[in-house]
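Okay, so here's the structure we're looking at.
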Amino acid sequence: MRNIVCGAIVALGLAAAPALAEYPERDIQGIIQWGAGGSTDTVSRSVTPHAEDILGAKVILQNVTGGVGAIGLNQAERADADGYTLLFGAENPLLYKVMGLGQKDYSDFVPINIIARGIPILVARPDAPFDTFPEMVEYITANPGEIRFGSTGPGGLPSVVTAMINEKTPLDVTAVPYDGDGPALTALQGGAIDVMPAVLGAALEPVRAGNLKAIAIFDTEGVEQLPDTPAITDTNPEFADILPWGPFFGIFVKAGTPDDVVAKLTDAYGQAAQNPDFLSMMDGRGFRMLSLTGTEAQDFLDTWQSQTAWILWDGEIAKNSPEDFDIPRP
Amino acid sequence: MDMPPKRRPGELIFNVAIMLASLFLLYSAYGISGFEALSSPGVIPMATTAIMAIAGVFILRDTLRKGRGDQSLRRDILPAVVVVPIVMILGYALLLRPLGFLPTSALFLFILVRFLSRRSWGFCLAVALGTVIVIWAIFRLIFAVLMPQGIVPEGRIVAFITSLF
Amino acid sequence: MDILSNLLMPLLNLELLFLIGAGTFAGIYVGAIPGLSVTMAVSILISFTFSWEVYPALALMIGIYMGGVYGGSRTAILLNIPGAPSAIATALDGFPLAQQGRAGEAIGIVTVVSFIGGFIGIFALGAFAPLLSDFAIGFQPRDFMLLAIMGILLVGSLSGDSLVKGVFAGAFGIAIGAVGMDPLTIQDRFVFGIDELRGGISFVAVMIGLFGVSEALIQMHSIHSPAVRQRVAGIIPSWAKVRKHLPLGLQTSTIGTIVGALPGTGGDIAALMAYDHAKRVTRNPETPFGKGAVEGLVAPETANNAAVGGAFIPMMTLGIPGDAVTAIMIGALFIHGLNPGPMLMIEQPDMFWFIVGSLALANCFMLLFGLTGIRLFVKIVELPRTVLLPVIMVLSIVGAYAINNSLTDVYWMLGFGILGYFMRLYGYPLAPIILGVILSRLLDDNWRRAIISEREDFGAMMMGIFTSPLSLCLFLAVVMILVTNTPWWVRWRARKATGQTVAERQDHD
Numbered sequence: 000m001r002n003i004v005c006g007a008i009v010a011l012g013l014a015a016a017p018a019l020a021e022y023p024e025r026d027i028q029g030i031i032q033w034g035a036g037g038s039t040d041t042v043s044r045s046v047t048p049h050a051e052d053i054l055g056a057k058v059i060l061q062n063v064t065g066g067v068g069a070i071g072l073n074q075a076e077r078a079d080a081d082g083y084t085l086l087f088g089a090e091n092p093l094l095y096k097v098m099g100l101g102q103k104d105y106s107d108f109v110p111i112n113i114i115a116r117g118i119p120i121l122v123a124r125p126d127a128p129f130d131t132f133p134e135m136v137e138y139i140t141a142n143p144g145e146i147r148f149g150s151t152g153p154g155g156l157p158s159v160v161t162a163m164i165n166e167k168t169p170l171d172v173t174a175v176p177y178d179g180d181g182p183a184l185t186a187l188q189g190g191a192i193d194v195m196p197a198v199l200g201a202a203l204e205p206v207r208a209g210n211l212k213a214i215a216i217f218d219t220e221g222v223e224q225l226p227d228t229p230a231i232t233d234t235n236p237e238f239a240d241i242l243p244w245g246p247f248f249g250i251f252v253k254a255g256t257p258d259d260v261v262a263k264l265t266d267a268y269g270q271a272a273q274n275p276d277f278l279s280m281m282d283g284r285g286f287r288m289l290s291l292t293g294t295e296a297q298d299f300l301d302t303w304q305s306q307t308a309w310i311l312w313d314g315e316i317a318k319n320s321p322e323d324f325d326i327p328r329p
Numbered sequence: 000m001d002m003p004p005k006r007r008p009g010e011l012i013f014n015v016a017i018m019l020a021s022l023f024l025l026y027s028a029y030g031i032s033g034f035e036a037l038s039s040p041g042v043i044p045m046a047t048t049a050i051m052a053i054a055g056v057f058i059l060r061d062t063l064r065k066g067r068g069d070q071s072l073r074r075d076i077l078p079a080v081v082v083v084p085i086v087m088i089l090g091y092a093l094l095l096r097p098l099g100f101l102p103t104s105a106l107f108l109f110i111l112v113r114f115l116s117r118r119s120w121g122f123c124l125a126v127a128l129g130t131v132i133v134i135w136a137i138f139r140l141i142f143a144v145l146m147p148q149g150i151v152p153e154g155r156i157v158a159f160i161t162s163l164f
Numbered sequence: 000m001d002i003l004s005n006l007l008m009p010l011l012n013l014e015l016l017f018l019i020g021a022g023t024f025a026g027i028y029v030g031a032i033p034g035l036s037v038t039m040a041v042s043i044l045i046s047f048t049f050s051w052e053v054y055p056a057l058a059l060m061i062g063i064y065m066g067g068v069y070g071g072s073r074t075a076i077l078l079n080i081p082g083a084p085s086a087i088a089t090a091l092d093g094f095p096l097a098q099q100g101r102a103g104e105a106i107g108i109v110t111v112v113s114f115i116g117g118f119i120g121i122f123a124l125g126a127f128a129p130l131l132s133d134f135a136i137g138f139q140p141r142d143f144m145l146l147a148i149m150g151i152l153l154v155g156s157l158s159g160d161s162l163v164k165g166v167f168a169g170a171f172g173i174a175i176g177a178v179g180m181d182p183l184t185i186q187d188r189f190v191f192g193i194d195e196l197r198g199g200i201s202f203v204a205v206m207i208g209l210f211g212v213s214e215a216l217i218q219m220h221s222i223h224s225p226a227v228r229q230r231v232a233g234i235i236p237s238w239a240k241v242r243k244h245l246p247l248g249l250q251t252s253t254i255g256t257i258v259g260a261l262p263g264t265g266g267d268i269a270a271l272m273a274y275d276h277a278k279r280v281t282r283n284p285e286t287p288f289g290k291g292a293v294e295g296l297v298a299p300e301t302a303n304n305a306a307v308g309g310a311f312i313p314m315m316t317l318g319i320p321g322d323a324v325t326a327i328m329i330g331a332l333f334i335h336g337l338n339p340g341p342m343l344m345i346e347q348p349d350m351f352w353f354i355v356g357s358l359a360l361a362n363c364f365m366l367l368f369g370l371t372g373i374r375l376f377v378k379i380v381e382l383p384r385t386v387l388l389p390v391i392m393v394l395s396i397v398g399a400y401a402i403n404n405s406l407t408d409v410y411w412m413l414g415f416g417i418l419g420y421f422m423r424l425y426g427y428p429l430a431p432i433i434l435g436v437i438l439s440r441l442l443d444d445n446w447r448r449a450i451i452s453e454r455e456d457f458g459a460m461m462m463g464i465f466t467s468p469l470s471l472c473l474f475l476a477v478v479m480i481l482v483t484n485t486p487w488w489v490r491w492r493a494r495k496a497t498g499q500t501v502a503e504r505q506d507h508d
């Protein structure tokens, strides 16, 4: 009992001290939706120190993983809307509703900064009997069911890209699920699967070493890191209407956070995202910088959600129709 | 030469409970995906819970074969030195969220050390506060683990301490 | 020449030398405290060393990693509470020694064999990294599945008195591991509509509950009996003793290196497999297993330290993590502007040799810090338990919370603590539960991948097993373990053994 009294006295003492009215007056908690060592983690941990310098406060980063990121999102949503809890997340929450994973998504949050976008790439094992996208389609049509596509479960990047491909040219492939693109790319190098739609950053190093073969950049333009690999729209222009598309990373606070706090955070992370060290790290990882804020960020989220949710619904991967959640068809 | 093993107090009830829990989990595992395909997510859960249930039957059979022992529940299974900590653990779990880590842990340590050791109040208080402060320093300050805050505004305390330097 | 200068760099640079030393020292305590994990410490260090150069940052992380893997054995021996999952097997024979007043001796031998195991792993990294990574990456889903089955069969040697209770515990563990949203299909399993269960039950929370809280509750029974006086003589093992266990140590180090090098399996599985191996090959231990056999300490501790070097093999050659800690280190390299992958070894070989050198140095520090201060450390056992046990309970709670910053994990930890108390009283072995939880995903995911790869055709999967040399070897190993566990085999070997001793006696006459 006595210690509660002690605590109360300390609290009173602090409250009586001249109030540090300016936000932030104490450490900020940052919740990372994904595990340590993953790309969301890497991006969050490299941008935050620059923002800390501008904010003049520490951001204590914690990985709260599980449920495709839903556990971390719910935890951030339960906290007070005072700007002392940030959410570092990827694209997944925008699909929770249609995938039946939860009732909360980024509409319960305010975007601080949509930092960057990943570029999807189709990679194959080095001895795969095809080199380009048209050759691959031809091979799969001639040998139905033989080719194994790596996947990371319904709603993940590979499932979306595969659904996009199927929408244009239905392919008879076997999808083998892995928990994450790291393990799937490992399996690809070991020959357990044949093709994998992955994010450029994860596939870049093995491709450069010749351990994997790049088939096509799944975007409207090629990338400087792999100048010899064509963009998919070069060989198959029919994909142009659904691209560019890609996973992204963003920083969010709970909806209802005071405007001045949001402005301060937006400014800090906006500047941090322009730091040269950070930019070169992102470039090396094959991410395309966006650094979107305010309404631009909100528009990006809305477009992304409507596009992807409908692709998954049309590809019979989603459990619930986007219509149920008033997500307009693009 | 060996004495046949005796049943301990509560053993039969525990094993029956284990058996029933296994059957319930087996039923729940069947509900995941039924016998849809060899690769469906329910296959391994069904297999393991079935093994649990079968093992449960054997365990129950062995228990029934044993004779009643002369141990007593109060002395050998749930003596006061065990019941009190268990009750306190449950209390801790309930109070952790509303009260926060620091007061709950200090209270827990204070009462439990006092109950177990019967040493002086001052000694117990010193142990409780000392341990909580050391643990808090290691986890909060070095490892940046934010424990549930509750009624003690530790964020402000940390800000206050750092503002001194 | 280049290689040598990079290898020796950590030794010749005072700053790096200090960081590795400090890291190893801190790592021993991080490893020893249940709830503080190396994974956690290394991910904190990413932020902490953000503005540093890459070499000092790596030096500190490597020190913590090496020290932490070893440190888990401390509390396993002294308190029967493994500080880390890879020390679970160590408690089986370590704690009985402590109860006999021989904790110092146990820690001494563990330190020396950890050092030996560590070096074998590092040697394998330095000498055979490309070879071993080619081997490791060739593992197909069916091979991982067979490996998981081999692991599950270890229940036999972890069960103690009652095999059927061990089987129950193992299956229970696999079921616990399946709780939550299945990542392959996003289907809920054993969730019962509770949102918090979606993320699954953290296996470290299960471990802390079963081994921390339930052990504390059990020890409450004897809280007022005096603590065992610990002998402090003979802490540093004699050369003869080390040499006697060297052949076993070499075998288990090999197991540790290979299991460590496989992506997705780490020191925890390696240590349990090594323990089982020791039980299989040791004909006549001086003390029976489970009662304080030295072999039961040598095997897991060589293996989990060898797994450290092993885990770096795929990381350095391919940019693929060998375990959770190397996964975070890869993230750290990214943040420092490096791109770990197959090209790193070609473009920046100095990084590779620097890591080999730092690991070797950390291993030496581990021996040094491990052997000094044992006398002080064993005093923990002599502390009044009326204070020690409540403190252990609070530490368990903080540790469970710290895994994933989640109160749900704390509730699970406490629940498993109370369940574990009753399971212990009624003769259920607890180690198989942890074994099951560790192997659950490996078994479940790879079984499904293997069968999906063959489009649900079980026959085709078996054909795959029989036509691949690696799969066939693993399959035969599984069959062999099964056969040697049958009563017929045990009787046959017992008959053979008595025949032999009779023959030996006749020789002596």
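Residue numbers (numbering that gives the first Met the number 0), protein chains in the order written: chain A, 0 to 329; chain B, 0 to 164; chain C, 0 to 508.
Backbone N, C-alpha and C define an ideal beta-carbon position, used for all residues, glycine too.
Quick caveat, the model's predicted, so the values are computed rather than measured.
Contacts between residue 24 of chain A and chain B, judged by CB atoms closer than 7 Å, involve 158 in chain order. Contact with chain A is found for residue 143 of chain B, since one of that chain's Cβ atoms lies less than 8 Å from the residue's Cβ.
Contact with chain A is found for residue 154 of chain B, since one of that chain's Cβ atoms lies less than 8 Å from the residue's Cβ. Annotation for residue 294 of chain A: the continuous alpha helix (DSSP H) segment containing it runs 293-313.
Contact with chain C is absent for residue 273 of chain A, since none of that chain's Cβ atoms lies less than 8 Å from the residue's Cβ. Contact between residue 66 of chain A and residue 197 of chain C holds, with the beta-carbon distance rounding to 4 Å and staying under 8 Å. Check the Cα spacing between residue 113 of chain A and each of A/252, A/232 and A/217: the tightest is with A/252. Apart from sequence neighbours up to five positions away, the residues of its chain that approach residue 445 of chain C with a beta-carbon distance below 6 Å are 140, 143 and 144, ordered along the chain. The alpha-carbon separation between residue 98 of chain B and residue 83 of chain A amounts to approximately 20 Å.
In this structure, the CA atom of residue 107 of chain C is about 15 Å from the CA atom of residue 304 of chain C.
Using a 10 angstroms sphere on the CB of residue 162 of chain A, the tally of other CB atoms reaches 16 or more, which defines it as buried.
Within the same chain, Cβ atoms closer than 7 Å to the Cβ of residue 312 of chain A are found at 97, 320 and 321, the five residues on either side in sequence being excluded. Here residue 223 of chain C is exposed, its C-beta having fewer than 16 other C-beta atoms within 10 Å.
For residue 115 of chain A, the enclosing beta strand (DSSP E) covers residues 108-117. Rounded to the nearest angstrom, the gap between the Cα atoms of residue 109 of chain C and residue 297 of chain C is 6 Å. Interface flag for residue 197 of chain C against chain A is set, since a Cβ pair is found closer than 8 Å. Per the Cβ contact rule, the segment 128-144 of chain B is not in contact with the segment 80-97 of chain B (fewer than 3 Cβ pairs under 8 Å).
Residue 96 of chain A sits in a helix when the DSSP states are folded into three classes. Ranked by Cα distance from residue 397 of chain C, the options C/338, C/269, C/204 and C/233 are led by C/204. Straight through space, the alpha carbons of residue 101 of chain C and residue 90 of chain C are spaced by roughly 13 Å. Within the segment 163-190 of chain A, the runs of alpha helix (DSSP H) that reach at least 4 residues and sit entirely inside it are, in chain order, 180-189.
Separation of the CB atoms of residue 261 of chain C and residue 138 of chain C is rounded to 6 Å, and the pair is thereby assigned contact status at 8 Å. Counting the other Cβ atoms within 10 Å of the Cβ of residue 119 of chain B gives fewer than 16, which makes it exposed. Fully enclosed alpha helix (DSSP H) runs of no fewer than 4 residues occupy 38-54, 69-77 and 95-98 of the segment 15-102 of chain A, in order along the chain.
Of the residues assessed, residue 268 of chain A falls on the buried side of the cut-off, its CB having 16 or more other CB atoms within 10 angstroms. Taking a C-beta cut-off of 9 Å against chain C, the contacting residues of the segment 84-112 of chain A are 98, 99, 100 and 101, listed in chain order. Under a 10 Å Cβ-count criterion, residue 462 of chain C is classified as exposed, with fewer than 16 other Cβ atoms of the shown protein chains found around its own Cβ.
One Cα belongs to residue 48 of chain C, the other to residue 15 of chain B, and the distance between them is close to 54 Å.
Under the 8 Å criterion on CB atoms, residue 43 of chain B is classed as interfacial with respect to chain C. Take the alpha-carbon of residue 209 of chain A and the one of residue 317 of chain C: they are about 11 Å apart.
In the three-state reduction of the DSSP assignment, residue 161 of chain C falls in the coil class, being assigned neither a helical nor a strand state. Close to residue 404 of chain C, with beta-carbon spacing below 8 Å, are these residues of chain B in chain order: 144 and 145. By the Cβ criterion, the segment 233-250 of chain C is not in contact with the segment 453-462 of chain C, since fewer than three pairs of Cβ atoms, one from each stretch, lie closer than 8 Å.
Taking the C-beta atoms as reference points, residue 356 of chain C is found no nearer than 8 Å to residue 124 of chain C.
CA-to-CA, the gap between residue 46 of chain B and residue 34 of chain B works out to about 11 Å.
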